[in-house]
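Protein chains in written order, with our numbering: chain A, 223 to 624; chain B, 23 to 205.
For every residue, glycine included, the Cβ atom is placed at its ideal position computed from N, Cα and C.
Computed from a prediction, not measured in an experiment: that's the story for all the values here.
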Amino acid sequence: MFNPLDHQGIPLERQLRNWRELDVDPIDPLAADPYTRCRIIALNGIEVEAILFSHHFARTCTDPEVKRQLAEIRYIEAQQQRVVNWLLPGVPSALETTIAYEQVAVDLTSWVARMEPDPYLQQAYEFGVLEDFDHLYRYANLFELIERRRAAKVVDDLTEVMPGRPTKAHHRHPVDNVRDPYDRTTVDPLSKLHALTIMAAEQQTMNFYMNVGPQYMEPIARQLYQEIGLIEEEHVTHYESLVDPGETWWERLVNHEYNECYLYYSFMTQESDPKVRAIWELHLNMEVEQLRIACDLMRRHDGREPADILAPALPEPVRFEPNKEFLRNLLATQIDLTTLGAGYVREAHERFERMQQQLHGGEAPASERVIDEHRAKFGDEYRIETAGPHPVTALRGEKQHA
Amino acid sequence: MPDQEDVVDLLLAQHARIEELFAAVLAGTGEARRESFHELVRLLAVHETAEEEIVHPLARRSIDAGDDVVEARLAEERAAKELLAELHDIGPDAPSFDSRIVVLRDAVLAHATYEERYEFPQLRHSVDADRLRGAARAVRAAEAVAPTRPHPGVESASANLLAGPAVAVFDRLRDAARDAMRH
Ligand SMILES: [Fe+2]
Ligand SMILES: [Fe+2]
Ligand SMILES: [Fe+2]
Ligand SMILES: [Fe+2]
Ligand SMILES: [Fe+2]
């Protein structure tokens with residue numbers, strides 16, 4: 223297995239790219255592999271987190287030499303982000319890209335939930351994925367309602383589109399979104415990578431919705447982005463609270479760089495588009511060097527050996543692949559869960575009810591109305607159920623349109 | 023609910039269908055491919071003509087910097103029409119068809135995206151709903167001269183429409199659109 227600590231990357235001073243190198247060709251807007259688009263979106267989230275993390279670190283850092291080093295690496299991370307996200311073509315609307323964001327959340331979180339060794343962390347991913355699964359269904363209905371496109375053109379038949387835990391029930395009291403963290407001294411190194419990855423993906427989703435939502439004129443679209451954007455705020459809280467806050471800044475820097483290596487390596491081994499694959503490979507070679515520098519900083523300032531907190535080699539590569547049976551099983555067993563404190567319950571407890579009352583004020587939120595409006599306009603709702611009827615009988619729709 | 027549908031809804035649905043047909047042509051072979059291409063040519067002719075005769079004039083009069091926006095769209099449409107006419111003339115079995123239809127597809131997709139970003143939302147914002155619904159009726163009336171499905175073996179109006187050179191198709195649709203606007 224690949225161990226990024228054993229490899230030599232591209233020296234930092236040779237990582238800077240000029241405008242021509244930054245001006246990458248986007249993927250095909252109609253014919254690209256949906257999972258290529260998912261890998262682009264996921265890695266964009268990872269690079270955005272690399273940039274934001276480094277900024278926060280720099281703001282608390284008193285050593286001017288380290289600040290300069292961080293700035294230098296961060297500029298390269300920023301170029302990496304511009305290259306990765308610019309692989310997305312300009313033709314699709316923000317809403318079309320939104321559907322791809324939810325597909326990422328569904329299939330990436332499912333993978334992580336399946337691979338997660340710690341049962342408490344695993345429950346956190348299983349809980350969250352049923353919510354993004356429902357967001358996908360709500361946005362898919364909005365997509366046909368206002369743009370007349372079908373979500374099938376984005377997700378193909380890889381990811382099903384049908385109700386999950388109803389979006390209106392995602393609005394919990396904020397204190398119930400805070401989970402217990404793992405213990406950095408005993409946790410499996412893979413669990414740290416999982417938490418960082420999903421936190422980064424959800425953070426980028428939150429950023430995206432809270433910024434593109436107001437670009438729509440249709441009231442239902444503006445309102446749905448506001449509603450789901452606030453749930454992504456809950457998701458960031460949920461996932462970031464899994465990370466041990468006792469990790470030092472140096473340790474966190476190493477974890478970030480290591481995770482970037484892990485994901486570029488993973489997606490490089492899976493990528494179907496050769497041009498995109500070449501970028502994953504190039505970025506992996508950059509990250510290996512960024513990791514080496516981070517490890518040096520940790521040794522110098524923390525007096526600890528990075529190998530002690532990292533896995534001996536990269537874990538099994540992350541893969542984008544269909545998770546239909548896994549999700550159907552979760553739908554059948556966990557759809558009615560909510561959170562109470564750091565745990566999970568089935569009953570709508572008092573704090574949950576109060577939050578629901580204050581927020582909805584007795585009215586149907588946009589996530590409900592978008593389905594009603596779709597039914598009023600087309601006579602049914604938009605779903606893609608390729609593996610049979612909905613596993614929850616009460617959520618089986620009337621006939622689907624062809 | 024076609025009667026409540028406004029012209030933007032109608033054009034968006036056509037954009038969606040055009041995308042699907044491009045995908046079908048590129049993925050298809052033999053008779054299926056020829057049929058998809060046939061439907062694509064017909065729909066593009068109907069759609070672009072309706073935009074030129076009905077929608078762009080409305081935008082020109084009612085949206086901010088309407089002249090500039092519409093001139094840019096018309097230039098894109100001219101370029102796309104030339105490509106379409108060439109493809110229609112060489113036919114889907116020609117060796118250069120594949121590479122050329124990708125060029126046409128990219129031009130049409132870009133054009134549709136510009137409309138959806140710089141023209142349609144502005145139309146909805148500044149033209150009243152009744153007029154937008156009226157424009158939808160005019161587009162449908164113009165479309166009616168080209169039936170949706172050519173029946174194999176029967177010389178349908180659509181088959182006739184597409185039998186000659188592509189330029190004639192546009193001329194015929196333009197007359198129909200102008201007619202529809204007068205009623
Ligand atoms: Fe990076
Ligand atoms: Fe979501
Ligand atoms: Fe989420
Ligand atoms: Fe990095
Ligand atoms: Fe158009």
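Remark: fewer than three beta-carbon pairs, one from each stretch, lie closer than 8 Å, so the region 261-271 of chain A and the region 452-462 of chain A are not flagged as touching. Within chain B, no residue has its CB atom less than 9 Å from the CB of A:Ala-554, the nearest being about 33 Å off. Spanning the alpha carbons of A:Leu-310 and A:Pro-251 requires a straight line of approximately 8 Å.
Interface annotation for the region 366-398 of chain A against chain B: Glu-366, Ile-368, Glu-369, Arg-370, Arg-371, Arg-372 and Lys-375, criterion Cβ-Cβ distance under 9 Å.
Residue contact with chain A for B:Glu-61: absent (no Cβ-Cβ distance below 9 Å to any residue of chain A). Relative to the non-hydrogen atoms of ligand 5, the Cβ of B:Ala-134 comes within a distance shorter than 8 Å of at least one. Look at A:Ile-453: its beta carbon is less than 8 Å from one of the heavy atoms in ligand 3. When secondary structure is reduced to three states using DSSP, A:Ile-606 falls in the strand class. Inter-segment contact for the region 306-324 of chain A and the region 360-377 of chain A is present: three or more beta-carbon pairs are separated by less than 8 Å.
Between A:Ala-322 and A:Val-376, the C-beta gap is smaller than 9 Å, which places the two residues in contact. Residue pairing for A:Thr-491: DSSP places it in no beta bridge. Interface criterion met: the Cβ of B:Phe-44 is under 9 Å from a Cβ in chain A.
Shown here, A:Thr-389 sits in a helix according to DSSP, grouped into three states.
Three or more Cβ pairs closer than 8 Å define a contact, and the region 388-405 of chain A meets that threshold against the region 446-453 of chain A. Under the 9 Å criterion on CB atoms, B:Thr-135 is classed as interfacial with respect to chain A. If you draw a 10 Å sphere on the C-beta of A:Ser-488, you find 16 or more other C-beta atoms in it, and that means buried. Shortest gap from the CB of A:Thr-408 to any heavy atom of ligand 2: 8 Å or more. The residues Trp-472, Val-476 and Pro-528, in chain order, have a CB closer than 6 Å to that of A:Met-520 in the same chain once the five nearest residues on each side in sequence are set aside.
Going by C-alpha positions, B:Tyr-140 is about 33 Å away from B:Gly-50.
At a beta-carbon threshold of 7 Å, none of the residues of chain B lie near A:Ala-316; the nearest stands roughly 10 Å away. According to the DSSP secondary-structure assignment, A:Leu-562 is paired through a beta bridge with A:Gly-565. In the three-state reduction of the DSSP assignment, B:Val-68 falls in the helix class, which pools H, G and I. Within chain A, the C-beta atoms nearer than 7 Å to that of B:Leu-34 come from Glu-369 and Arg-370, in chain order. Of the heavy atoms belonging to ligand 2, none sits nearer than 8 Å to the Cβ of A:His-582. By the neighbour-count definition (other C-beta atoms within 10 Å, threshold 16), A:Lys-497 is an exposed residue. Your pair A:Tyr-566 and A:Gln-345 checks out as a contact, with CB atoms roughly 7 Å apart and the cut at 8 Å.
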